[in-house]
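**Q**
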Amino acid sequence: MNLFNLENKIILVTGACGVLGGGIAKYLLENKATVLILHYKETPLKSAVSELKKISEKVEGYLCNVVEEKSLKAVAEKIMTAYGKIDVLINAAGGNKPGATIGPDQSVFEVDVEQFKQVIDLNLFGSIIPSLVFGKEMAKHKKGTIINVSSMAADRALTRVMGYSASKAAVDNFTKWLAVELAQKYGDGMRVNAIAPGFFIGNQNRALLTNEDGSYSERGNTIIKNTPMNRFGDADELNGAIHYLCSNASKFVTGIVIPIDGGFSAFSGV
Ligand SMILES: NC(=O)c1ccc[n+]([C@@H]2O[C@H](COP(=O)([O-])OP(=O)(O)OC[C@H]3O[C@@H](n4cnc5c(N)ncnc54)[C@H](O)[C@@H]3O)[C@@H](O)[C@H]2O)c1
Numbered sequence: 005m006n007l008f009n010l011e012n013k014i015i016l017v018t019g020a021c022g023v024l025g026g027g028i029a030k031y032l033l034e035n036k037a038t039v040l041i042l043h044y045k046e047t048p049l050k051s052a053v054s055e056l057k058k059i060s061e062k063v064e065g066y067l068c069n070v071v072e073e074k075s076l077k078a079v080a081e082k083i084m085t086a087y088g089k090i091d092v093l094i095n096a097a098g099g100n101k102p103g104a105t106i107g108p109d110q111s112v113f114e115v116d117v118e119q120f121k122q123v124i125d126l127n128l129f130g131s132i133i134p135s136l137v138f139g140k141e142m143a144k145h146k147k148g149t150i151i152n153v154s155s156m157a158a159d160r161a162l163t164r165v166m167g168y169s170a171s172k173a174a175v176d177n178f179t180k181w182l183a184v185e186l187a188q189k190y191g192d193g194m195r196v197n198a199i200a201p202g203f204f205i206g207n208q209n210r211a212l213l214t215n216e217d218g219s220y221s222e223r224g225n226t227i228i229k230n231t232p233m234n235r236f237g238d239a240d241e242l243n244g245a246i247h248y249l250c251s252n253a254s255k256f257v258t259g260i261v262i263p264i265d266g267g268f269s270a271f272s273g274v
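Note that the numbering used here gives residue 226 to position 222 of the sequence shown, counting from 1, and the numbers run on in steps of one.
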């Protein structure tokens, strides 16, 4: 038996128009899964689908906002009618807001509380609401896997990114909480895990980690110094853990958060 077979799996990916979610969607298609990508803006969604179709025809796009329950429910209904099941949900939509980050010359007391709330909304509720809407469909068959995307900011204080860190810490807690709840109430076919990427240069953190000329910023260099592998990650380095968590290879694994961080979380800095 091939523990890693994804061939008959219906996998939903939010944030698939972004850097990490897009790379994951591509990898899953290459590995024969059916991949349904969810995004809240029509033009990027269409262009992501047509790019991904170059890899496999087994991809479809659905327009919806991860923080709007009504739009997610409408999509769940369409997916259930078309495919009859959801095997995996990957919550890769997420991000930060400039006002929820403390600028280099700002004090914590200047944080924009409204933007702080928006970051919590996107990262936490943007994982909770899809998990509840699509998880409900999985629970009907007592089978399904949810994968959240956490961050190194969840466990230890990373300076400046206050709102983002609080939201990702809550994602970790939600991952464990939901894993326990679903296994106890619906049995061992329902699993919830997370990956915690270290530092990957993407749209959200490019300005924090690099200078305009492409060299690393002071913060970028500090991160590299605290990463035993001495480099940033490549988006495709998430794929192994994602494949494992999607597949039967992780059948008895629930409630974990896997760091993919070049050793950042293991290192004391000394
Ligand atoms: N890049 C990194 O180094 C890094 C590290 C750790 C964790 N993460 C997390 O990984 C996830 C993906 O990050 P990324 O670097 O690919 O970011 P990204 O900005 O490239 O992708 C995020 C995607 O989510 C979409 N999105 C935002 N709001 C949405 C909404 N309301 N509904 C639907 N889609 C919405 C964005 O438009 C974007 O396409 C995020 O949760 C991020 O916090 C990233």
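A virtual CB, placed ideally from N, CA and C, is assigned to each residue, including glycine.
Skipping 5 residues on each side, what residues in its chain have a beta carbon closer than 7 Å to that of Gly-266?
**A** Position 262 of the sequence shown, counted from the first residue, corresponds to residue 266. The answer, listed in chain order, is Gly-202, Thr-231, Pro-232, Met-233, Arg-235 and Gly-237.
**Q** Would you mind listing the alpha helix (DSSP H) stretches within the stretch 135-193 that are 4+ residues and don't spill past its ends, in chain order?
**A** For the stretch 135-193, whole alpha helix (DSSP H) runs of length 4 or above, ordered along the chain, are 166-190.
**Q** Once the 5 residues before and after Ile-124 are set aside, which same chain residues still bring their CB inside 6 Å of it?
**A** One-based indexing of the sequence shown puts residue 124 at position 120. The answer, listed in chain order, is Ser-171.
**Q** Helix, strand or coil: which one does DSSP assign to Ala-20?
**A** Here the question's residue 20 lines up with position 16 in the sequence shown. Reduced to three states, the DSSP call for Ala-20 is coil.
**Q** Check the DSSP bridge columns for Gly-237 and list the partner residues they point to.
**A** For the purposes of this step, residue 237 is identified with residue 233 of the sequence shown, where counting begins at 1. Gly-237 pairs with Phe-204.
**Q** Which residue marks the beginning of the beta strand (DSSP E) containing Tyr-87, and which one marks its end?
**A** If you number the sequence shown from 1, residue 87 lands on position 83. Taken as a continuous stretch (DSSP letters only), Tyr-87 belongs to no beta strand (DSSP E), being part of the alpha helix (DSSP H) at 73-87.
**Q** Hey, is Pro-201 close to ligand 1, as in C-beta under 7 Å from one of its heavy atoms?
**A** By one-based count along the sequence shown, residue 201 stands at place 197. For ligand 1, at least one heavy atom lies less than 7 Å from the Cβ of Pro-201.
**Q** Between which two residues does the alpha helix (DSSP H) containing Tyr-248 stretch?
**A** Counted from its first residue, the sequence shown places residue 248 at position 244. Note, Tyr-248: alpha helix (DSSP H), 243-250.
**Q** For ligand 1, is there a heavy atom less than 7 Å away from the beta-carbon of Leu-249?
**A** Locating residue 249 in the sequence shown gives position 245, where the first residue counts as 1. No, Cβ of Leu-249 sits at least 7 Å from all heavy atoms of ligand 1.
**Q** Counting pairs of beta carbons, one from the stretch 41-55 and one from the stretch 169-184, are three or more of them closer than 8 Å?
**A** Because the criterion of three Cβ pairs below 8 Å is not met, the stretch 41-55 and the stretch 169-184 do not touch.
**Q** Where does Thr-231 sit, in a helix, a strand or coil, going by DSSP?
**A** Counting from 1 along the sequence shown, the entry for residue 231 is found at position 227. In the structure shown, Thr-231 sits in coil (DSSP, three-state: anything other than H, G, I, E or B).
**Q** Nearest CA to the CA of Gly-167: which residue from Gly-25, Ile-151 and Phe-113?
**A** Within the sequence shown, residue 167 is the residue found at index 163, counting from 1. The shortest C-alpha separation from Gly-167 is found at Phe-113.
**Q** Return the chain-ordered ranges of every alpha helix (DSSP H) run that is complete within the stretch 33-79 and spans a minimum of 4 residues.
**A** Those alpha helix (DSSP H) runs which fall completely within the stretch 33-79 and span 4+ residues are 46-56.
**Q** What are the start and end residues of the alpha helix (DSSP H) that includes Ile-124?
**A** The residue given as residue 124 occupies position 120 in the sequence shown. 117-124 is the span of the alpha helix (DSSP H), which, as asked, contains Ile-124.
**Q** Determine the direct distance from the alpha carbon of Ala-96 to that of Phe-204, and round the result to whole angstroms.
**A** Residue numbering aside, residue 204 sits at position 200 when the sequence shown is read from its first letter. Residue numbering aside, residue 96 sits at position 92 when the sequence shown is read from its first letter. Straight-line Cα distance between these residues: approximately 14 Å.
**Q** Secondary structure at Val-257, three-state DSSP: helix, strand or coil?
**A** Mapped onto the sequence shown, residue 257 falls at position 253. In this structure, Val-257 counts as coil in the three-state DSSP scheme.
**Q** So, Asn-209 versus Ile-260, is the Cβ gap smaller than 8 Å?
**A** Working through the sequence shown from its first residue, we reach residue 209 at position 205. Working through the sequence shown from its first residue, we reach residue 260 at position 256. Against a cut-off of 8 Å, the Cβ pair of Ile-260 and Asn-209 comes out as no contact.
**Q** Count the other CB atoms within 10 Å of the CB of Ala-157; is the residue buried (16 or more) or exposed (fewer)?
**A** Walking along the sequence shown from the start, residue 157 turns up at place 153. Buried, by the Cβ-count rule.
**Q** Does DSSP put Val-112 in a helix, a strand or coil?
**A** As a position in the sequence shown, residue 112 is number 108, starting the count at 1. Of the three classes helix, strand and coil, the one that applies to Val-112 here is helix, per DSSP.
**Q** If I follow the unbroken alpha helix (DSSP H) through Leu-213, where does it start and stop?
**A** Along the sequence shown, read from residue 1 onward, the residue named residue 213 stands at position 209. 210-213 is the extent of the alpha helix (DSSP H) around Leu-213.
**Q** Please confirm whether any heavy atom of ligand 1 lies closer than 7 Å to the CB of Gln-110.
**A** Within the sequence shown, residue 110 is the residue found at index 106, counting from 1. False, no ligand heavy atom lies under 7 Å from that Cβ.
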